[in-house]
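Line by line, the protein sequences give chains S and R.
The first sequence begins at 0 in numbering that gives the first Met the number 0 and counts up one residue at a time.
The second sequence begins at 0 in numbering that gives the first Met the number 0 and counts up one residue at a time.
Note that CB positions come from ideal geometry on N, CA and C, so glycine has one too.
Predicted model only: the values in this text are computed from it and were never measured.
Okay, so here's the structure we're looking at.
There are 2 protein chains.
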Amino acid sequence: MSSLFHERKSVEQVEEGCELAPKFDALGVIPVVTTDFHTGELLMHAYMNPEALEKTIRTGEAHYWSRSRQCLWHKGATSGLVQKVLDLRIDDDQDTIWMRVEVAGSGASCHVGYRSCFYRSIPLREDAGSSLLFKELEKTFDPIAVYGDAPNPTKL
Amino acid sequence: MSSLFHERKSVEQVEEGCELAPKFDALGVIPVVTTDFHTGELLMHAYMNPEALEKTIRTGEAHYWSRSRQCLWHKGATSGLVQKVLDLRIDDDQDTIWMRVEVAGSGASCHVGYRSCFYRSIPLREDAGSSLLFKELEKTFDPIAVYGDAPNPTKL
Numbered sequence: 000m001s002s003l004f005h006e007r008k009s010v011e012q013v014e015e016g017c018e019l020a021p022k023f024d025a026l027g028v029i030p031v032v033t034t035d036f037h038t039g040e041l042l043m044h045a046y047m048n049p050e051a052l053e054k055t056i057r058t059g060e061a062h063y064w065s066r067s068r069q070c071l072w073h074k075g076a077t078s079g080l081v082q083k084v085l086d087l088r089i090d091d092d093q094d095t096i097w098m099r100v101e102v103a104g105s106g107a108s109c110h111v112g113y114r115s116c117f118y119r120s121i122p123l124r125e126d127a128g129s130s131l132l133f134k135e136l137e138k139t140f141d142p143i144a145v146y147g148d149a150p151n152p153t154k155l
Numbered sequence: 000m001s002s003l004f005h006e007r008k009s010v011e012q013v014e015e016g017c018e019l020a021p022k023f024d025a026l027g028v029i030p031v032v033t034t035d036f037h038t039g040e041l042l043m044h045a046y047m048n049p050e051a052l053e054k055t056i057r058t059g060e061a062h063y064w065s066r067s068r069q070c071l072w073h074k075g076a077t078s079g080l081v082q083k084v085l086d087l088r089i090d091d092d093q094d095t096i097w098m099r100v101e102v103a104g105s106g107a108s109c110h111v112g113y114r115s116c117f118y119r120s121i122p123l124r125e126d127a128g129s130s131l132l133f134k135e136l137e138k139t140f141d142p143i144a145v146y147g148d149a150p151n152p153t154k155l
């Protein structure tokens with residue numbers, strides 16, 4: 000375990016204290032919520048292992064653990080769309096990370112080509128069951144130009 | 000499975016289509032990111048099972064699956080701090096939900112008493128390893144007055 004992380008000793012320490020004592024789950028990862036620092040838009044939901052969290056803290060650039068590729072993932076290494084971390088938060092029981100970032104280049108964070116991964120809205124209440132609504136009408140980049148024939152990470 | 004959810008047939012359908020085809024994980028849940036509709040602040044990171052997602056869609060009020068209590072959880076049923084859903088999004092591969100809400104009452108969403116669960120910041124770069132910084136200086140409510148002696152959901 001990294002020297003940056005403390006052992007979890009009590010609920011009081013974890014919830015009310017000033018020691019970073021993150022909880023990694025049974026698979027060794029912690030979920031990360033990434034939002035745009037300026038607009039508050041949710042860009043990504045991903046995971047970090049201890050190494051990714053330590054690299055993010057030390058470099059100030061977002062690193063994740065890719066569950067599909069099973070490797071450390073410096074976001075933007077392929078696409079150039081590096082995420083600069085302006086604020087990094089941890090929640091009450093220290094099992095979730097919130098990262099507020101500025102994205103380089105076109106500002107996109109989604110492998111499909113949209114700015115946010117969350118480009119579709121689910122109709123509610125009396126509209127339940129209607130078609131999803133697209134909230135971004137145009138892609139920010141062409142994923143084939145950026146990623147070529149790399150395998151699509153989406154799994155059925 | 001709910002009549003609201005479609006079978007996952009292809010990457011094209013899941014990423015570029017208008018059918019709601021959510022992916023629940025091996026434990027039968029999907030992660031949910033809940034932000035304040037007006038400020039963009041991250042309030043919670045939690046989970047839904049199919050029933051919780053369907054109830055959220057049909058009622059427009061946030062329902063979760065409580066992993067610690069193993070039951071459907073209508074947020075605000077105990078505290079009165081109901082979350083009204085103003086926008087519900089799903090991501091590219093449909094394995095994460097983003098919920099933008101307005102919170103009733105005091106506006107708090109955290110069982111420790113703060114407005115957001117993410118009330119502490121992790122120092123970065125040359126400050127790596129320093130103490131966590133509190134970003135909310137006062138609690139919004141007294142958790143003992145609201146929850147009494149109900150067991151604390153935080154696990155070590």
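- DSSP assignment within the stretch 73-122 of chain R yields the following whole beta strand (DSSP E) runs of 3 residues or more, N-terminal first: 82-89, 96-102.
- Per DSSP, the beta bridge partners of residue 31 (chain R) are R:45, R:96.
- The beta carbons of residue 60 (chain S) and residue 84 (chain S) sit closer together than 8 Å.
- The count of Cβ pairs closer than 8 Å, one atom from the stretch 133-146 of chain R and one from the stretch 105-125 of chain R, reaches three, so the stretches are in contact.
- 96, 97, 99, 109, 110, 111, 113, 115, 116, 117, 118, 119: these are the residues of the stretch 96-119 of chain S whose beta carbon lies less than 9 Å from some beta carbon of chain R, given in chain order.
- For residue 62 (chain S), the enclosing beta strand (DSSP E) stretches over residues 62-65.
- In the three-state reduction of the DSSP assignment, residue 19 (chain R) falls in the coil class, being assigned neither a helical nor a strand state.
- When C-alpha distances from residue 8 (chain S) are compared across S:47, S:18, S:100, the shortest belongs to S:18.
- Of the residues assessed, residue 126 (chain S) falls on the exposed side of the cut-off, its CB having fewer than 16 other CB atoms within 10 angstroms.
- Residues of the same chain with a CB within less than 6 Å of the CB of residue 14 (chain R), apart from the 5 flanking positions on each side, are 91 in chain order.
- Within 10 angstroms of the beta-carbon of residue 55 (chain S) lie 16 or more other beta-carbons, which makes it buried.
- Inter-residue distance for residue 74 (chain S) and residue 46 (chain S) is about 12 Å (C-alpha atoms, whole angstroms).
- Neighbours of residue 48 (chain R) in chain S, taken as residues whose beta carbon is under 7 Å from its own, are absent, since the nearest beta carbon is some 16 Å off.
- Within chain S, 111, 153 have C-beta atoms less than 7 Å from the C-beta of residue 14 (chain R), given in sequence order.
- The three-state reading of DSSP puts residue 132 (chain S) in strand, counting E and B together.
- By the neighbour-count criterion, in which a residue is buried when 16 or more other Cβ atoms sit within 10 angstroms of its Cβ, residue 69 (chain S) is exposed.
- In the three-state scheme derived from DSSP, where H, G and I count as helix and E and B as strand, residue 71 (chain S) is classed as strand.
- Within 10 angstroms of the beta-carbon of residue 150 (chain S) lie fewer than 16 other beta-carbons, which makes it exposed.
- Around residue 72 (chain S), the same chain offers 62, 63, 64, 65 as residues with beta carbons nearer than 7 Å, after the five sequence neighbours per side are excluded.
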